[in-house]
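Undergrad:
Chains as they are written, first to last, in my numbering: chain A, 17 to 292; chain B, 17 to 292.
#1: Between B/227, B/264 and B/286, which lies nearest to residue 271 of chain B when the distance is taken from Cα to Cα?
#2: Mind checking if residue 131 of chain A is an interface residue toward chain B, Cβ cutoff 8 Å exclusive?
#3: To the nearest angstrom, report how far apart residue 283 of chain B and residue 50 of chain A are at their CA atoms.
#4: Among B/104, B/26 and B/116, which has the Cα closest to the Cα of residue 107 of chain A?
#5: Under the rule that 16 or more other beta-carbon atoms within 10 Å means buried, what is residue 159 of chain B, buried or exposed?
#6: Alpha carbon to alpha carbon, what distance is there between residue 175 of chain B and residue 241 of chain B?
#7: What's the call for residue 155 of chain A, buried or exposed, on a 16-neighbour Cβ count within 10 Å?
#8: Excluding the 5 residues preceding and the 5 following residue 219 of chain A in the sequence, name in chain order all residues of the same chain whose CB lies nearer than 7 Å to its CB.
#9: Taking all protein chains shown into account, decide if residue 78 of chain A is buried (16 or more other Cβ within 10 angstroms of its Cβ) or exposed.
#10: Along the segment 270-281 of chain B, where does the CB come closer than 9 Å to a CB of chain A? Name the residues.
#11: If you run the structure through DSSP and keep just helix, strand and coil, what is residue 150 of chain A?
#12: Among all the DSSP beta bridges, which residues are the ones paired with residue 52 of chain A?
#13: Are there 16 or more other CB atoms within 10 angstroms of the CB of residue 186 of chain B, so buried, or fewer, so exposed?
#14: With DSSP as the reference, identify every bridge partner of residue 197 of chain B, one or two as the case may be.
#15: Between which two residues does the beta strand (DSSP E) carrying residue 245 of chain B extend?
#16: The alpha helix (DSSP H) that contains residue 179 of chain A, what's its start and end?
#17: Considering Cα atoms alone, identify which of B/71, B/97, B/34 and B/188 is closest to residue 61 of chain B.
#18: With residue 39 of chain B as the anchor, note down where its alpha helix (DSSP H) starts and where it stops.
#19: Which chain B residues sit within Cβ distance under 8 Å of residue 242 of chain A?
#20: Can you confirm whether residue 46 of chain B, when its beta carbon is compared against all beta carbons of chain A, has any partner nearer than 8 Å?
#21: The beta strand (DSSP E) that contains residue 107 of chain A, what's its start and end?
#22: Enumerated in chain order, which unbroken segments of the beta strand (DSSP E) with a length of 3 residues or greater are wholly contained in the segment 59-87 of chain A?
#23: If residue 46 of chain B sits next to residue 91 of chain A, beta carbons under 8 Å apart, how far is it from one beta carbon to the other, in whole angstroms?
#24: By DSSP, does residue 145 of chain A sit in helix, in strand, or in coil?
#25: Out of A/42, A/165, A/64 and A/173, point me to the one whose CA is closest to residue 255 of chain A's CA.
#26: Enumerate in chain order the residues of its own chain whose CB-to-CB distance from residue 114 of chain B is below 8 Å, with the five nearest sequence positions on each side excluded.
#27: Mind checking the segment 157-183 of chain A against chain B and listing, in chain order, the residues whose C-beta falls within less than 8 Å of any C-beta there?
#28: Spell out whether any CB of chain A is found under 8 Å from the CB atom of residue 91 of chain B.
#29: Consult DSSP for residue 270 of chain B and reduce its assignment to one of helix, strand or coil.
#30: Can we say the segment 65-78 of chain B touches the segment 31-45 of chain B, given the rule of at least three CB pairs closer than 8 Å?
#31: Apart from the five residues on each side of it in sequence, which residues of its chain come closer than 7 Å, Cβ to Cβ, to residue 237 of chain B?
#32: By how many angstroms is the C-alpha of residue 87 of chain A removed from the C-alpha of residue 20 of chain A?
#33: Can you give the Cα-Cα distance for residue 166 of chain A and residue 99 of chain A, rounded to whole angstroms?
#34: Can you tell me whether residue 208 of chain A is helix, strand or coil according to DSSP?
#35: From residue 48 of chain A to residue 275 of chain A, what distance separates their C-alpha atoms?
#36: For chain A, check one thing: does any of its Cβ atoms lie closer than 8 Å to the Cβ of residue 231 of chain B?
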């Protein structure tokens with residue numbers, strides 16, 4: 017009962033609802049509850065609003081407790097249906113802040129659904145897709161072509177977190193993120209891969225605790241020399257000393273999520289280039 | 017002046033600030049303003065809070081107008097420094113909702129910074145990384161191995177949006193999303209690629225307006241037959257008829273962002289499998 021397992025949470029949006037859900041999740045994480053979750057995206061007219069209300073009110077009856085209804089609905093017609101008929105606790109994440117912002121900015125909001133009319137035509141969107149393509153083409157050192165166009169080049173041993181971080185930098189932040197593995201050959205030569213030398217300022221080193229690295233590698237290739245703790249210790253030690261000698265920033269990914277790693281890298285880039 | 021170009025907007029968080037910024041961006045998009053943007057992530061102690069306040073108050077003085085300060089800070093000490101000293105308009109996106117939620121749920125929030133102590137150890141995080149690896153390995157029909165483990169398999173002609181959508185499904189939603197190109201060989205045989213036949217229920221077709229497809233392909237390979245409008249028309253027509261004959265759901269990506277496409281696919285999967 018105190019886990020609120022019989023409590024439903026709805027995420028209602030006239031767009032994708034990703035903003036509503038991400039933000040509401042952050043709020044819900046502040047409580048030790050495990051509610052049932054229902055997403056209702058694209059609720060963009062009165063009909064769909066009434067349908068959403070029916071679902072919410074049905075849950076209220078079944079649960080015996082009123083659902084939490086997080087909404088970022090901008091469409092006034094939809095919002096009014098929710099306000100007037102929904103038996104849940106309506107948490108209007110938009111309206112709550114729009115009114116004070118209108119006052120502060122001295123202008124009316126445009127009540128536009130969470131995107132411009134056609135987002136795919138915007139410059140920003142185009143650049144983001146370009147960044148994703150660039151990042152995929154430059155994953156794992158696949159090519160040295162156009163490396164000078166990258167915003168950042170992540171280096172590190174295999175499975176240190178380069179690929180997921182690169183993809184996140186591209187998808188979320190629109191950054192062209194190449195990544196390049198450091199391999200035994202580099203350690204023997206005690207030099208960075210030659211293709212990277214002209215781009216030293218763009219390099220960012222990822223490292224990881226050898227124990228954790230060994231666990232991750234064992235999942236992929238059990239009982240291999242590649243995954244052995246001894247080899248992981250060797251590779252990490254050599255990679256770190258390579259990076260240090262080259263004067264490259266180093267970040268440990270051991271206890272960090274890709275969001276955290278990506279945010280730290282972006283901060284670093286902004287400090288280098290004076291923001292964007 | 018009315019564009020508020022001399023107005024600064026700060027995003028202050030004790031975590032990555034990605035939640036704060038995404039949500040605040042959705043709010044700001046409701047206004048025709050182009051403010052200066054400053055991100056201040058990882059503000060997690062009083063010292064850093066005072067530093068943030070100095071930056072905000074400096075902007076206030078330089079701009080001659082008070083900055084908007086969006087915050088999702090959970091740490092009470094940090095929040096108090098902001099509340100007491102910051103000369104901006106403080107928009108406390110967390111506190112605003114936490115109090116009513118505490119009341120509704122009959123419990124105190126735990127004031128935990130936007131993540132569990134070590135997010136990288138959670139099952140959910142592990143599954144997400146697995147999904148990213150799976151998706152990359154199964155990009156562009158690279159392998160038929162383990163296709164049965166996929167949550168969804170996107171099919172469509174080259175450049176119809178399969179790859180960015182797959183990556184988003186993996187990164188944001190933790191779904192294992194394979195993708196498979198439909199190529200002239202398939203159109204000649206008038207059959208889906210044989211490797212996909214056992215997984216028909218997991219298939220989801222992406223299509224696109226031939227005109228738009230031709231534009232996208234021209235960016236990559238100018239003046240090629242591949243990019244010609246005639247060829248794009250042929251491929252799209254054949255791909256759609258293949259999908260239709262096989263009874264596969266089809267979605268046009270022409271005017272949709274990857275977030276929208278991914279959300280529609282997730283909704284579809286949930287309706288198939290009864291939620292998750």
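Ideal Cβ placement from N, Cα and C applies to all residues, glycine included.
TA: In this structure, then:
#1: Counted from its first residue, the second chain places residue 271 of chain B at position 255. Of the candidates B/227, B/264 and B/286, the residue whose Cα lies closest to the Cα of residue 271 of chain B is B/227.
#2: Along the first chain, read from residue 1 onward, the residue named residue 131 of chain A stands at position 115. Low confidence applies to residue 131 of chain A: its pLDDT is 49, below 50, so where it sits in the model is not reliable, and the reading given next is rough at best. Closer than 8 Å to some Cβ of chain B, the Cβ of residue 131 of chain A qualifies, so yes.
#3: Taking the second chain and counting its residues from 1, one reaches residue 283 of chain B at position 267. Taking the first chain and counting its residues from 1, one reaches residue 50 of chain A at position 34. Roughly 21 Å between the two C-alpha positions.
#4: The residue given as residue 107 of chain A occupies position 91 in the first chain. Selected option, being the one with the closest Cα: B/116.
#5: In the second chain, residue 159 of chain B corresponds to position 143, counting from 1. So residue 159 of chain B ends up on the exposed side.
#6: Position 225 of the second chain, counted from the first residue, corresponds to residue 241 of chain B. Position 159 of the second chain, counted from the first residue, corresponds to residue 175 of chain B. Each residue's CA atom was taken as its position, placing residue 241 of chain B and residue 175 of chain B some 15 Å apart.
#7: As a working note, residue 155 of chain A is residue 139 in the first chain. Counting Cβ neighbours within 10 Å, residue 155 of chain A comes out buried, since at least 16 surround it.
#8: Within the first chain, the letter at position 203 stands for residue 219 of chain A. Sequence-distant Cβ neighbours of residue 219 of chain A in its own chain, meaning closer than 7 Å and more than five residues away, are 169, 171, 212 and 264.
#9: For this step, residue 78 of chain A is matched to residue 62 along the first chain. It is exposed - the Cβ of residue 78 of chain A has fewer than 16 other Cβ atoms within 10 Å.
#10: Taking 9 Å as the Cβ-Cβ cut-off against chain A, the residues of the segment 270-281 of chain B that qualify are 270, 271, 272, 273, 274, 275, 276, 278, 279 and 280.
#11: Looking up residue 150 of chain A in the first chain gives position 134. Of the three classes helix, strand and coil, the one that applies to residue 150 of chain A here is helix, per DSSP.
#12: As a working note, residue 52 of chain A is residue 36 in the first chain. A/24, per the DSSP bridge assignment.
#13: The residue you call residue 186 of chain B lines up with position 170 of the second chain. Buried, by the Cβ-count rule.
#14: Position 181 of the second chain, counting from 1, holds the residue named residue 197 of chain B. According to DSSP, residue 197 of chain B shares a beta bridge with B/172.
#15: Locating residue 245 of chain B in the second chain gives position 229, where the first residue counts as 1. No beta strand (DSSP E) holds residue 245 of chain B; the alpha helix (DSSP H) holding it covers 245-262.
#16: Here residue 179 of chain A is taken as the residue at index 163 of the first chain, counted from 1. Note, residue 179 of chain A: alpha helix (DSSP H), 178-189.
#17: Within the second chain, numbered from 1, the residue matching residue 61 of chain B stands at position 45. Looking at the Cα atoms, B/97 is the closest of the given residues.
#18: Start at 1 with the first residue of the second chain, and residue 39 of chain B comes out as number 23. Note, residue 39 of chain B: alpha helix (DSSP H), 34-44.
#19: Taking the first residue of the first chain as position 1, residue 242 of chain A is located at position 226. Result: empty, since nearest Cβ-Cβ is about 16 Å, beyond 8 Å.
#20: Position 30 of the second chain holds residue 46 of chain B. Cβ-Cβ to chain A under 8 Å: yes for residue 46 of chain B.
#21: Within the first chain, residue 107 of chain A is the residue found at index 91, counting from 1. 105-108 is the extent of the beta strand (DSSP E) around residue 107 of chain A.
#22: Given a length threshold of 3 residues, each whole run of the beta strand (DSSP E) inside the segment 59-87 of chain A is given here in chain order: 84-87.
#23: Mapped onto the second chain, residue 46 of chain B falls at position 30. Mapped onto the first chain, residue 91 of chain A falls at position 75. That pair is no contact at about 12 Å.
#24: In the first chain, the residue the question calls residue 145 of chain A occupies position 129. In the structure shown, the three-state DSSP call for residue 145 of chain A is helix.
#25: Position 239 of the first chain, counted from the first residue, corresponds to residue 255 of chain A. Closest option to residue 255 of chain A, Cα to Cα, is A/173.
#26: Position 98 of the second chain, counted from the first residue, corresponds to residue 114 of chain B. Here the set comprises 125.
#27: The residues in question are 179, 180 and 183.
#28: Walking along the second chain from the start, residue 91 of chain B turns up at place 75. Output row for residue 91 of chain B: interface = no.
#29: What you label residue 270 of chain B is simply residue 254 of the second chain in a count that begins at 1. Reduced to three states, the DSSP call for residue 270 of chain B is coil.
#30: No, the segment 65-78 of chain B is not in contact with the segment 31-45 of chain B.
#31: Residue 237 of chain B sits at position 221 when you count from the first residue of the second chain. For residue 237 of chain B, where only same-chain residues beyond five positions count, the Cβ hits under 7 Å are 243.
#32: Numbered from 1 along the first chain, position 4 holds the residue referred to as residue 20 of chain A. Numbered from 1 along the first chain, position 71 holds the residue referred to as residue 87 of chain A. Here the alpha carbons of residue 87 of chain A and residue 20 of chain A stand approximately 20 Å from one another.
#33: Position 150 of the first chain, counted from the first residue, corresponds to residue 166 of chain A. Position 83 of the first chain, counted from the first residue, corresponds to residue 99 of chain A. Within the model, the alpha-carbon separation for residue 166 of chain A versus residue 99 of chain A is close to 48 Å.
#34: One-based indexing of the first chain puts residue 208 of chain A at position 192. The answer is coil: DSSP assigns residue 208 of chain A none of H, G, I, E or B.
#35: Counting from one through the first chain, the residue named residue 48 of chain A turns up at place 32. Counting from one through the first chain, the residue named residue 275 of chain A turns up at place 259. Using only the alpha carbons, I get a separation of about 23 Å.
#36: Here the question's residue 231 of chain B lines up with position 215 in the second chain. Taking 8 Å as the threshold, the shortest C-beta distance from residue 231 of chain B to chain A does not fall below it.
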